[in-house]
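Engineer: The following block contains the structure, expressed as structure tokens.
There are 2 protein chains.
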Amino acid sequence: MLNYSTSEENYIKAIFHLQHADGTVTTNELAGELRTKPASVTDMMKKLKIKKLVHYEAYHGFRLSNEGKKLALLIIRRHRLWEFFLAEKLRFSWEEVHAVAEDLEHVSSKKLIDKLDEFLGFPRFDPHGDPIPDSHGRIEASKQVCLQDLPLNKTATVGHVSDQSPAMLELLSHKKIGIGTKLEVKRKFGFDNSLEIKIRQQAPINISEQLSKNIFVKYDE
Amino acid sequence: MLNYSTSEENYIKAIFHLQHADGTVTTNELAGELRTKPASVTDMMKKLKIKKLVHYEAYHGFRLSNEGKKLALLIIRRHRLWEFFLAEKLRFSWEEVHAVAEDLEHVSSKKLIDKLDEFLGFPRFDPHGDPIPDSHGRIEASKQVCLQDLPLNKTATVGHVSDQSPAMLELLSHKKIGIGTKLEVKRKFGFDNSLEIKIRQQAPINISEQLSKNIFVKYDE
DNA sequence: AAATATTTTTAGACAAACCTAAATTATTTT
DNA sequence: AAAATAATTTAGGTTTGTCTAAAAATATTT
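Chains as they are written, first to last, in the working numbering: chain A, 1 to 221; chain B, 1001 to 1221.
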């Protein structure tokens, strides 16, 4: 694997996160995600095309090549391993890990990452519940279900939160919901699709449709 | 503390390492250390002068300002803490830690470094025996003595090796000498200033003057 | 299908960090 | 102290990644 600049890596990672079902991403979406201008995106796509990391034809969007996907998974691996390290070993809070991992993920020594993985005991999920790709870029499909789709009175464990904005994290922390929280859905209100959920040893609480759509859980055994 | 580019940080660190008794460094020395060209050094010195990190007058060398010294110690702190982490936690060998730490040292979160320090148990020396500045930039003067100056039959512990070239590290590893090795000088040969030294439970070995001048030890209590 | 609006690309500039070659200043030799 | 040598700086150019403003292509309305 060749060496890529921080900027190139950020573009690749952002494309990976934004890609739709068919893998395509538009210039404006990418510019928005990276807080840059569409013209800059076009410039970079030309470069990434030459480096064979994306497929790109002017005016028709772009998508990652196989090479590009491999790189994206490698960067995500680095990011999530560092997040795990920060939370687990350095006792950073959930909300803090992301920003620091954004910097650490660009240190590209393969040996560093593989040894870090080993040191951490080969964790399979980061502190937000997102799966960590292994050293070959294989990623576990976290077969989790959205809270909205969880049957009533079935206990499950929160394993993933898709929106990780500060506002979302604040709300979750207020409701005392985090990765690993065990809960069950007690009632579903058809009017606004809000849910009444029960967390062990706490009074039942209410969850809006919006929130429930962003919380993913795994059925308990 | 403001944020500086990787390049600026590398210049500051290099000046710190090269500085003579009066703190000055020349353009050519710095260009050599950084494997760059003298013209590039001049460009950067103008910039660092504007940022008040160095004192600089054209044609008369330069030296770090107090701000610059503070920054240098911060970068050295990051570097040495990461070296300690790599060696101690990830089991990197002595020779490998430096290159990786060169990248990690530019991740500038203060909280990250202070938490890393705590996680590592506030180590005072890195794996090469160099002292680690504390969070205020205070650095311990390692009051160590060169092997050449160690009195006969006095046991001491290796605490620092000043030349860390691959050739040096190879020789040290062959002679089974490392940081923490306990030894004493048995004889001194005036002809070439070579030493006969004894390491616990090993046959006595010979050390050239050149080598002995690069090994620093602390008297045992 | 023409007109309008939106998206994307091109053209041309800029800052950071580097370079080479030429000019300038400092140092050393004679 | 002049000449020769060495060190340093200036001038002008390159690459990377960004920008703004204008042009071109695509998508949406009417």
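Every residue gets a Cβ at the ideal spot worked out from N, C-alpha and C, and that includes glycine.
Taking the alpha carbon of residue 1053(B) as the reference point, which residue from 1044(B), 1067(B), 1062(B) has its own alpha carbon closest?
Structural biologist: As a first step, residue 1053(B) is located in the second sequence; it is residue number 53 there, counting from the start. Checking every option, the nearest Cα to that of residue 1053(B) belongs to 1067(B).
Engineer: Along the chain, where does the beta strand (DSSP E) that runs through residue 1187(B) open and close?
Structural biologist: Here residue 1187(B) is taken as the residue at index 187 of the second sequence, counted from 1. First-last of the beta strand (DSSP E) with residue 1187(B): 1182 to 1189.
Engineer: Here's the rule I'm using: 16 or more other beta-carbon atoms within 10 Å means buried, otherwise exposed. How should residue 1001(B) be labelled?
Structural biologist: Residue 1001(B) sits at position 1 when you count from the first residue of the second sequence. Answer is exposed; the Cβ neighbour count stays below 16.
Engineer: Does residue 1091(B) come within less than 8 Å of chain A when only Cβ atoms are used?
Structural biologist: Translated into positions along the second sequence, residue 1091(B) becomes position 91. Yes, because at least one Cβ of chain A sits closer than 8 Å to the Cβ of residue 1091(B).
Engineer: For residue 1055(B), which option in 1004(B), 1210(B), 1085(B), 1022(B) has the closest C-alpha, if you only look at C-alpha atoms?
Structural biologist: Residue numbering aside, residue 1055(B) sits at position 55 when the second sequence is read from its first letter. Per the Cα distances, 1022(B).
Engineer: Please identify, using Cβ separations under 7 Å, the residues of the stretch 110 to 124 of chain A that lie next to chain B, in order along the chain.
Structural biologist: Cβ contacts with chain B come from 112, 115, 116, 119.
Engineer: At what residues does the alpha helix (DSSP H) containing residue 1041(B) begin and finish?
Structural biologist: The residue given as residue 1041(B) occupies position 41 in the second sequence. Segment 1038 to 1050, the alpha helix (DSSP H) holding residue 1041(B).
Engineer: Give the single residue among 1208(B), 1209(B), 1218(B) whose Cα lies nearest to the Cα of residue 1180(B).
Structural biologist: If you number the second sequence from 1, residue 1180(B) lands on position 180. If we check each option's Cα against that of residue 1180(B), 1218(B) comes out closest.
Engineer: Return no unless some Cβ of chain B is closer than 8 Å to the Cβ of residue 71(A).
Structural biologist: Against the first sequence, residue 71(A) aligns to sequence position 71. No, no contact with chain B.
Engineer: What residue from 1115(B), 1020(B), 1183(B) has the CA that sits closest to residue 1204(B)'s CA?
Structural biologist: Taking the first residue of the second sequence as position 1, residue 1204(B) is located at position 204. Ranking 1115(B), 1020(B), 1183(B) by Cα distance to residue 1204(B) puts 1183(B) first.
Engineer: Under a Cβ-count criterion, where at least 16 other Cβ atoms within 10 Å of its own Cβ denotes burial, should residue 11(A) be classed as buried or exposed?
Structural biologist: Reading the first sequence from its first residue, position 11 is the one you call residue 11(A). Looking at its Cβ environment, which holds 16 or more other Cβ atoms inside 10 Å, residue 11(A) is buried.
Engineer: Looking at C-alpha atoms only, which residue of 164(A), 104(A), 71(A) is the closest neighbour of residue 94(A)?
Structural biologist: By one-based count along the first sequence, residue 94(A) stands at place 94. Ranking 164(A), 104(A), 71(A) by Cα distance to residue 94(A) puts 164(A) first.
Engineer: Using a 10 Å radius around the Cβ and a threshold of 16 neighbouring Cβ atoms, would you call residue 138(A) buried or exposed?
Structural biologist: Position 138 of the first sequence, counted from the first residue, corresponds to residue 138(A). By the neighbour-count rule (16 or more Cβ atoms within 10 Å), residue 138(A) is not buried but exposed.
Engineer: Checking contacts by CB at 8 Å: is residue 104(A) closer than that to chain B?
Structural biologist: If you number the first sequence from 1, residue 104(A) lands on position 104. Yes, contact with chain B.
Engineer: For residue 76(A) and residue 1122(B), what's the separation of their Cα atoms in angstroms?
Structural biologist: Against the first sequence, residue 76(A) aligns to sequence position 76. Against the second sequence, residue 1122(B) aligns to sequence position 122. The alpha-carbon atoms of residue 76(A) and residue 1122(B) are separated by roughly 30 Å.
Engineer: Based on DSSP bridge pairs, tell me the residues matched to residue 145(A).
Structural biologist: As a first step, residue 145(A) is located in the first sequence; it is residue number 145 there, counting from the start. In DSSP, residue 145(A) forms a bridge with 217(A).
Engineer: Would you identify the three-state DSSP class for residue 63(A), choosing helix, strand or coil?
Structural biologist: Position 63 of the first sequence holds residue 63(A). Three-state result, residue 63(A): strand.
Engineer: Going by Cα to Cα distance, which pick from 1196(B), 1119(B), 1116(B), 1007(B) is closest to residue 1151(B)?
Structural biologist: Residue 1151(B) sits at position 151 when you count from the first residue of the second sequence. It is 1196(B).
Engineer: Taking the alpha-carbon positions, what's the residue 158(A) to residue 178(A) distance?
Structural biologist: Within the first sequence, residue 158(A) is the residue found at index 158, counting from 1. Within the first sequence, residue 178(A) is the residue found at index 178, counting from 1. Residue 158(A) and residue 178(A): Cα-Cα distance of roughly 7 Å.
Engineer: Inspect the beta-carbon positions of residue 186(A) and residue 202(A) and report whether they are closer than 8 Å.
Structural biologist: In the first sequence, counting from the first residue as 1, residue 186(A) sits at position 186. In the first sequence, counting from the first residue as 1, residue 202(A) sits at position 202. No; because the gap between Cβ atoms is not below 8 Å, this pair is not in contact.
Engineer: In terms of residue numbering, what span does the beta strand (DSSP E) encompassing residue 1156(B) cover?
Structural biologist: The sequence position of residue 1156(B) within the second sequence is 156, counting from 1. 1156 to 1161 is the span of the beta strand (DSSP E), which, as asked, contains residue 1156(B).
Engineer: Specify the secondary structure class of residue 106(A) as computed by DSSP and reduced to three states.
Structural biologist: Numbered from its first residue, the first sequence carries residue 106(A) at position 106. Here residue 106(A) sits in coil by DSSP.
Engineer: Should residue 1185(B) be flagged as near chain A, meaning a C-beta pair shorter than 8 Å?
Structural biologist: In the second sequence, the residue the question calls residue 1185(B) occupies position 185. No - not a single Cβ of chain A is within 8 Å of the one on residue 1185(B).
Engineer: Can you check whether the C-beta of residue 97(A) is within less than 8 Å of a C-beta belonging to chain B?
Structural biologist: Position 97 of the first sequence, counting from 1, holds the residue named residue 97(A). With 8 Å as the cut-off, residue 97(A) does not count as an interface residue toward chain B.
Engineer: According to the neighbour-count rule (16 or more other Cβ atoms, all chains shown, within 10 Å of its Cβ), is residue 1078(B) buried or exposed?
Structural biologist: Looking up residue 1078(B) in the second sequence gives position 78. Buried.
Engineer: Just to confirm my understanding: we take residue 1243(B), look at its own chain, exclude 5 residues before and 5 after, and list those with CB closer than 6 Å. What are they?
Structural biologist: There is simply no residue 1243(B) to check, as chain B begins at 1001 and stops at 1221 in what is shown.
Engineer: Answer yes or no: does any C-beta atom of chain A fall closer than 8 Å to that of residue 1107(B)?
Structural biologist: To locate residue 1107(B), count along the second sequence from 1; it is residue 107. It does; some Cβ of chain A falls within 8 Å.
Engineer: Answer with yes or no whether the minimum CB distance from residue 54(A) to chain B is below 8 Å.
Structural biologist: As a first step, residue 54(A) must be located in the first sequence, where it is residue number 54. Chain B, which has no Cβ nearer than 8 Å to the Cβ of residue 54(A), makes this no.
Engineer: At which residue ranges does the stretch 1002 to 1041 of chain B contain complete beta strand (DSSP E) runs of 3 or more residues, listed in the order of the chain?
Structural biologist: You should have found no qualifying run.
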